[in-house]
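Note that the numbering used here numbers the sequence shown so that position 581 is 824, with each residue one more than the last. For each residue, glycine too, the CB sits at the ideal point set by N, CA and C.
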Amino acid sequence: MSGFWKSKRAPGRMCAAMALAVLLSACGGGGGNSGSPVVGGDGGGSTPIAVASLSVAPSLASLPNDGTQTSTITVTALDANNVAIKNVAVTFAADSGTISPLATATDDKGEIKATLGIGDNKTKRTITVTAKAGSASKAATVAVVESTTSQPVASDASVILSKASVTNTGSDSVEATVTAVDAARNAVAGLPVKFSSDDNSALIVATNTSTDANGQARATIRIGANRNNRTVNVVAEVGTLSRQTVFRVTGAKLSASLAQNSLTAGQPGTVEYTLLDSGGNPIEGSTITVSGPGGATGSGATNFQGKYTYSFTAAGSGSTLISAVAPGDVRVESNIQINTPVSDVPAGTTIASATFTAAPAVVNVNQPGSTANRSELRLLFRNDQNLPVPNVRVRLGLGGNASGTDGVVGTGNDKVIVADPNGVAASSFVPGLRSSPVGGVKVYACFGKTDAVEQIAACPAGNLKEISLTVVEEPVSISIGTNNKLVVNTHTYAQDFVVLVVDSANNPKADVQLSAVLDLPTYLKGFWTRVGLRWMQTVNTLCINEDNKGGVRSTVMESGEDLNGNGQLDPRQSDISVSFVGLARTDSNGQAVVRIEYPQSMGSWVEYRIQVSATGVVSPPAWMGRFAAPGVPAASLEGTARILGVPTEAVAAEGEPPFRLSPYGQNSSCTSAN
Numbered sequence: 244m245s246g247f248w249k250s251k252r253a254p255g256r257m258c259a260a261m262a263l264a265v266l267l268s269a270c271g272g273g274g275g276n277s278g279s280p281v282v283g284g285d286g287g288g289s290t291p292i293a294v295a296s297l298s299v300a301p302s303l304a305s306l307p308n309d310g311t312q313t314s315t316i317t318v319t320a321l322d323a324n325n326v327a328i329k330n331v332a333v334t335f336a337a338d339s340g341t342i343s344p345l346a347t348a349t350d351d352k353g354e355i356k357a358t359l360g361i362g363d364n365k366t367k368r369t370i371t372v373t374a375k376a377g378s379a380s381k382a383a384t385v386a387v388v389e390s391t392t393s394q395p396v397a398s399d400a401s402v403i404l405s406k407a408s409v410t411n412t413g414s415d416s417v418e419a420t421v422t423a424v425d426a427a428r429n430a431v432a433g434l435p436v437k438f439s440s441d442d443n444s445a446l447i448v449a450t451n452t453s454t455d456a457n458g459q460a461r462a463t464i465r466i467g468a469n470r471n472n473r474t475v476n477v478v479a480e481v482g483t484l485s486r487q488t489v490f491r492v493t494g495a496k497l498s499a500s501l502a503q504n505s506l507t508a509g510q511p512g513t514v515e516y517t518l519l520d521s522g523g524n525p526i527e528g529s530t531i532t533v534s535g536p537g538g539a540t541g542s543g544a545t546n547f548q549g550k551y552t553y554s555f556t557a558a559g560s561g562s563t564l565i566s567a568v569a570p571g572d573v574r575v576e577s578n579i580q581i582n583t584p585v586s587d588v589p590a591g592t593t594i595a596s597a598t599f600t601a602a603p604a605v606v607n608v609n610q611p612g613s614t615a616n617r618s619e620l621r622l623l624f625r626n627d628q629n630l631p632v633p634n635v636r637v638r639l640g641l642g643g644n645a646s647g648t649d650g651v652v653g654t655g656n657d658k659v660i661v662a663d664p665n666g667v668a669a670s671s672f673v674p675g676l677r678s679s680p681v682g683g684v685k686v687y688a689c690f691g692k693t694d695a696v697e698q699i700a701a702c703p704a705g706n707l708k709e710i711s712l713t714v715v716e717e718p719v720s721i722s723i724g725t726n727n728k729l730v731v732n733t734h735t736y737a738q739d740f741v742v743l744v745v746d747s748a749n750n751p752k753a754d755v756q757l758s759a760v761l762d763l764p765t766y767l768k769g770f771w772t773r774v775g776l777r778w779m780q781t782v783n784t785l786c787i788n789e790d791n792k793g794g795v796r797s798t799v800m801e802s803g804e805d806l807n808g809n810g811q812l813d814p815r816q817s818d819i820s821v822s823f824v825g826l827a828r829t830d831s832n833g834q835a836v837v838r839i840e841y842p843q844s845m846g847s848w849v850e851y852r853i854q855v856s857a858t859g860v861v862s863p864p865a866w867m868g869r870f871a872a873p874g875v876p877a878a879s880l881e882g883t884a885r886i887l888g889v890p891t892e893a894v895a896a897e898g899e900p901p902f903r904l905s906p907y908g909q910n911s912s913c914t915s916a917n
C-alpha cells in the first residue's frame, strides 16, 4: 500500500515555478561566508567576477513534432575577457514546450545544461529559450518540424477475448488481445492501439497502447457498476483498422412469489419479484416489465433489496400466465387460477415428499406500516415417481406459537393455499416490530388432498411440517471511513473504505446486506510538472459532470450535455469502478470493505462521492464526498471534495507519472476538450 500525495489546487499557482528554475545558493562552511553570489565567484572568497555575457547553444536546431527527441541547451557564462566563470546561478525559460535544468549553477567549465522538449503541442513552430544570469541574458531558438518517422502499417488485425462471458458480481474480468500483421502475416510492432466500448459502465485498462514486438496489445475489461445481464461490445482501433468482438455478462436471477395462486375475477393480487446477481446480492434500479391477467401490464424499478411488487386485478378464467422480464432477457413465469375450481389430488396419488423451506431464515423487524422485510415460504410436493404433485392444499399458520411474535403469514394465518402445476405452494412470513430469540418463530404447514385440510392443532403428524425463523432488531446506523492508503496495482490504483453497521446499542450488526453507489460530481483539467525533487500539480479549472440534464445521471448523451464537444460525457461513468472486497454483507464485526478502482492515468483528476446503504437501516446512507445537484455550479458544491488519490512514491519518482496530464485536457475552459 502507499500513502497519498495531496496538493493545493489553486488554478495557475504553479505557472511561475514551471517557467523558471528555482535560484539556489550553496551554504558556506564557516567564517561568515554566505555562499556563492548570483554573479559568479571562484569559491575562494575573492571578489565576485561579473557575468558580461552568456553563450546559448542547442544540441539540435530542430525537433520532430512526434515528441521522440529532445534538445540539450548548453549555456556558458563569460566574463568581459570571454573567460568562462564557474558557480554562476542561471535560470531558463521557454515560450512553449518544456525546459528542465540539469543543475542550478555553472560547473568548472562555466557551463550549465537544460533539456528542451516540445511538450504536448504537436504544431510546427519556433521555440525561444532564454537564459539569464544577473543582468546578462541570451536567447536561442529551436524549430519544431514535421516528423519524418514513418509509421508502421498493418494489413490485418484481430481481437480475441480470454473468455466469452463473465459473471455479474463485478469481480470477474476479460482480457482482450489485439494482434496486428502485415501482408506477409508478420507481426507489426509500434502500431497505436485504442480500446473502447459502447457500454457506459465498462471499465477498460490498457496494458499497452501500442503493439509490442509480437504485434500485440492487451487490455483488461471489467463490467463496472451495472450488474444486469447484457452483451458488452469491445472495439479495438489498430492504426487505421478497427476490429470488434463481444462478451456476455451473465448471472442475474429473477424469482417470483405469488401472494395467492387462486383468485376469483375482480379480486386483487400481487406478485413480488426479486432480482439477484450470481453472488446472491440484490440488483437495485433494474426495470422489471410484467404482463398479467387480461393483458394488463406493469413495470417498475427494483428497490435496494432487488424487489419489485406487481399488483393486478384478476380477470378472465382458467389458468392465467403472468410473465416478467428483467434487463438482459432474464425471465420468469407464474400461473394463477382464476374462477377455476381446483380439483382434488386423486386419492390414489402418493405424496411421497413435502419439503418446507424459508429464505432467509433470519429476517429483520419491520418499521411501523412497512412490510418490506419478509421471509419467503415455499413447499414442494412430489409423488413416489419424483414428479410434482399439483393442487395440494396447505394450511399455513403459527399454531401455538402465535403469541410469540407479532408477525403474520402473508396469505393469512391459518388460511389455505394451493400448490401450482409445479407442485409448489408459496407464501411469506412478514415480521412485525418485535424481535425473537434464535429460532423463536415457528411456522407450521398442514397439507392434504382436499379442501377439508385439518387445522394446525388437529393436523396428523405425517402431514404436519414446521420451520424455524429468527427475527432480529433493525440496524439503526451505518458509517463509512478510510485509512487513506492506496493499493497500487500494475495498471490501476485502488482505495478501500470500511463500512460499519450498528444497532441502537452501538453493537455491530452482522449479515446486513449492503449496496454501494458511486457518483462523479466534477473533473479537473491541468498537468503535473517536476519542480525540484517532486512533481507538483497545476489545476487550471474544475468542471461539473456533463451528465446532468433533467436531474438524472442517465449515462446517455442528450442534447446540450456534451459541453466540451468531444463526443462523450465527461467524466465517463466507467472511469471508476466500485465493488465489495468479498461479500456485500457485514461480517461478525458489523463491517464490510468496499473498493474503488481506477486507471492510474485518472489519478488526481476526478472528484468522487461514494455512498453505501444497508438493507433495513433506519439512518440515511453513509457517504463521503460532495453531491452535485443538477444545475449547481462546481463552485457552489458543499462538503469536502474527495479526489482520486495518487501514491507519494509516484510524486517523488524521477520518471514521469502516469497521471501527469489530465485526460480531460489542460486548458482552463470547460467548453473545450483541450
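With distance defined between alpha-carbon atoms, name the residue in the options nearest to residue i.
i, options, result
"ALA604", "VAL431, THR713, GLY769", "THR713"
"ARG625", "THR598, SER646, SER562", "THR598"
"PHE672", "ALA688, ASP663, VAL661", "ALA688"
"PRO906", "ASN616, SER847, ALA300", "SER847"
"ALA293", "PRO863, ASN330, THR313", "ASN330"
"PRO584", "PRO631, TYR736, ALA508, VAL436", "ALA508"
"ALA669", "SER500, ILE361, GLY898, THR347", "SER500"
"SER711", "LEU620, ALA479, TYR736", "LEU620"
"SER912", "GLY803, THR891, VAL849, CYS786", "CYS786"
"SER314", "ALA379, ASP694, TYR851, ALA337", "ALA337"
"SER296", "LEU321, ALA304, THR311", "LEU321"
"ARG486", "ASN546, ASP399, LYS550", "ASP399"
"LEU707", "THR614, LYS550, ILE594, ALA615", "ILE594"
"GLU944", "GLY682, ALA304, SER414", "As displayed, the chain neither begins before 244 nor continues past 917, which places residue 944 out of reach and without an answer."
"SER613", "VAL651, ALA602, LEU639", "VAL651"
Might you give, ordered along the chain, the residues of its own chain that have their beta carbon closer than 8 Å to the beta carbon of residue i, omitting 5 neighbours on each side?
i, result
"GLY909", "One detail in the question is off: residue 909 reads as Gln in this sequence, not Gly. Result list for GLN909: ASP363, LYS768, GLY769, PHE770, ASN783, ASN917, in chain order."
"ALA430", "THR422, ALA423, VAL424, THR454, ALA456, ASN457, GLY458, GLN459"
"ALA346", "ILE355, LYS356"
"PRO570", "ASN471, ASN472, ARG473, ALA495, SER529, THR530"
"ASN308", "ILE361, LYS365, THR366, LYS367, VAL387, VAL388, GLU389, SER390"
"PHE902", "TRP771, GLN843, SER844, MET845, GLY846, SER847, TRP848, VAL889, ALA893"
Between residue i and residue j, is the Cβ-Cβ spacing less than 7 Å?
i, j, result
"ALA323", "GLY353", "no"
"SER343", "THR366", "no"
"ALA468", "VAL821", "yes"
"VAL568", "ILE723", "no"
"VAL514", "ILE581", "no"
"THR420", "ILE403", "yes"
"VAL715", "ASN809", "no"
"ALA835", "LEU757", "yes"
"PRO536", "ASN609", "no"
"SER498", "THR483", "no"
"THR914", "ASN807", "yes"
"ILE819", "GLU850", "no"
"ASN838", "ALA737", "Per the sequence shown, residue 838 should be read as Arg rather than Asn. Result yes, Cβ atoms of ARG838 and ALA737 sit closer than 7 Å."
Give every residue of the same chain whose Cβ lies closer than 6 Å to the Cβ of residue i, excluding the five residues on either side of it in the sequence, and list them in chain order.
i, result
"VAL333", "VAL318, ILE355, ALA374, ALA376"
"VAL489", "THR474, ASN476"
"THR369", "THR384, ALA386"
"GLY541", "VAL533, TYR553"
"THR744", "One detail in the question is off: residue 744 reads as Val in this sequence, not Thr. Correct list, in chain order: PRO718, ILE721, LYS752, VAL755, THR829, GLY833, ALA857."
"LYS381", "LEU297, VAL299, ALA374"
"GLY274", "A caution first: GLY274 carries a pLDDT of 38, below 50, which makes its placement in the model too unreliable to give a value."
"SER302", "SER314, THR315"
Leaving aside the five residues before and after residue i along the sequence, list all residues of the same chain whose C-beta is less than 7 Å from its C-beta, in chain order.
i, result
"LEU506", "GLY512, ALA557, ILE579, ILE581"
Quickly, what does DSSP pair residue i with across the bridge? List them, please.
i, result
"SER416", "ARG465"
"MET779", "THR772"
"VAL667", "LEU623"
"VAL741", "GLY724, VAL836"
"ASN476", "VAL489"
"GLY512", "PHE555"
"VAL605", "THR713"
"ARG828", "GLN756"
"TRP866", "GLN854"
Is residue i close to chain C? Criterion is C-beta to C-beta, closer than 7 Å.
i, result
"PRO864", "The question asks about chain C, but that chain is absent: this structure has only one protein chain."
Are three or more beta carbon pairs between the region 582-592 and the region 640-654 nearer than 8 Å? No, they do not touch.
Below 8 Å, how does it come out for the region 635-642 and the region 660-667: are there three or more Cβ pairs, yes or no? The region 635-642, when compared against the region 660-667, does touch it at the 8 Å Cβ threshold.
Given 8 Å as the limit, is there contact between the region 409-417 and the region 511-528, that is, 3 or more CB pairs closer than that? Yes, the region 409-417 touches the region 511-528.
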